[in-house]
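Following: one structure in structure tokens, then a few remarks.
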Amino acid sequence: MVLMDKNPVELRYKNVGKPRHTKKDVVMFVGFLLLVEGGGALMGILSQPNGVQRPDDDWFDNLVKPWWNPPNWLFGPVWSTLYFMIAVSAFIVYRKIGFHQALPWMVFFVQITLNFAWPLIFFVGHQLLGGFIDIILMLVAIIFNIAVFFPIERSAGLLLLPYAAWVTFASYLNFTLWRL
Numbered sequence: 262m263v264l265m266d267k268n269p270v271e272l273r274y275k276n277v278g279k280p281r282h283t284k285k286d287v288v289m290f291v292g293f294l295l296l297v298e299g300g301g302a303l304m305g306i307l308s309q310p311n312g313v314q315r316p317d318d319d320w321f322d323n324l325v326k327p328w329w330n331p332p333n334w335l336f337g338p339v340w341s342t343l344y345f346m347i348a349v350s351a352f353i354v355y356r357k358i359g360f361h362q363a364l365p366w367m368v369f370f371v372q373i374t375l376n377f378a379w380p381l382i383f384f385v386g387h388q389l390l391g392g393f394i395d396i397i398l399m400l401v402a403i404i405f406n407i408a409v410f411f412p413i414e415r416s417a418g419l420l421l422l423p424y425a426a427w428v429t430f431a432s433y434l435n436f437t438l439w440r441l
């Protein structure tokens, strides 16, 4: 913001030399990244063979899949990107309201818990219907998360739209795998 002094030619800038982000902000951003990216990575590791599954578990490989099933290599980069966007969205809301409003954080933690539960239900538990129920609940929670983040800070809600789109696709894939 530019402030004018008595001399209109001389411009003074507010907050010159002050950091835009405090150390607490950096810690909170790293915390959100660790929670979301780390939690997603942990669930991915636990749901792979040699994780919680038996090393010889080829259950998923033997499922009948639709022709439009994405290749396995695509899921890691997509989820890493989405998790980053989820963490940034949460951080933006944190910067705006802190933890002073319960509803946005309750919704956020419900949807991320449902997200982390899905690979364990689906890949470890081999529960196609259970996974479908979880992912539908997750999708509802994501939509609600967007609805509560958007009025707080528009960009935070918008950052969750690709997540909602991917989970919508994943829900249809999960449903199709269950029905095949």
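Read left to right, the sequence shown gives residues 262 to 441 (the numbering used here).
Built from N, CA and C at the ideal position, the CB exists for glycine as well.
| Item | Value |
| --- | --- |
| My understanding is that Pro365 touches Val409, with C-beta atoms under 8 Å, so please give their C-beta distance in whole angstroms. | 5 Å |
| Short check: CB of Asn406 to CB of Val368, under 8 Å? | yes |
| Go through its chain and collect everything with a Cβ distance to Lys326's Cβ below 7 Å, but skip five positions before and after it. | Leu438 |
| Which residues in the same chain as Asn276 place their Cβ atom closer than 7 Å to its Cβ, once the five residues preceding and following it in sequence are excluded? | Here Asn276 scores only 49 on pLDDT, less than 50, and its place in the model should not be relied on; the value that follows carries that caveat. Excluding positions up to five away in sequence, the list is empty. |
| Measure the C-alpha to C-alpha separation of Phe436 and Leu324 and round it to an integer number of angstroms. | 13 Å |
| Can you tell me the Cα-Cα spacing of Pro338 and Arg281, whole angstroms? | 30 Å |
| Let me know the secondary structure DSSP gives Glu414 once reduced to three states. | coil |
| Can you name, in chain order, every residue of its own chain whose Cβ lies under 6 Å from the Cβ of Leu434, other than the five neighbours on each side? | none |
| Flag this pair as touching only if the region 349-360 and the region 391-402 have three or more C-beta atom pairs under 8 Å; answer yes or no. | no |
| Specify, as a first and last residue, the run of the alpha helix (DSSP H) that Arg281 falls within. | It is not in any alpha helix (DSSP H) - Arg281 carries neither H nor E in the DSSP assignment. |
| Residue ranges of each alpha helix (DSSP H) run of no fewer than 4 residues wholly in the region 366-421, ordered along the chain? | 389-410, 415-420 |
| With 16 other CB atoms within 10 Å as the buried threshold, where does Gln372 fall? | buried |
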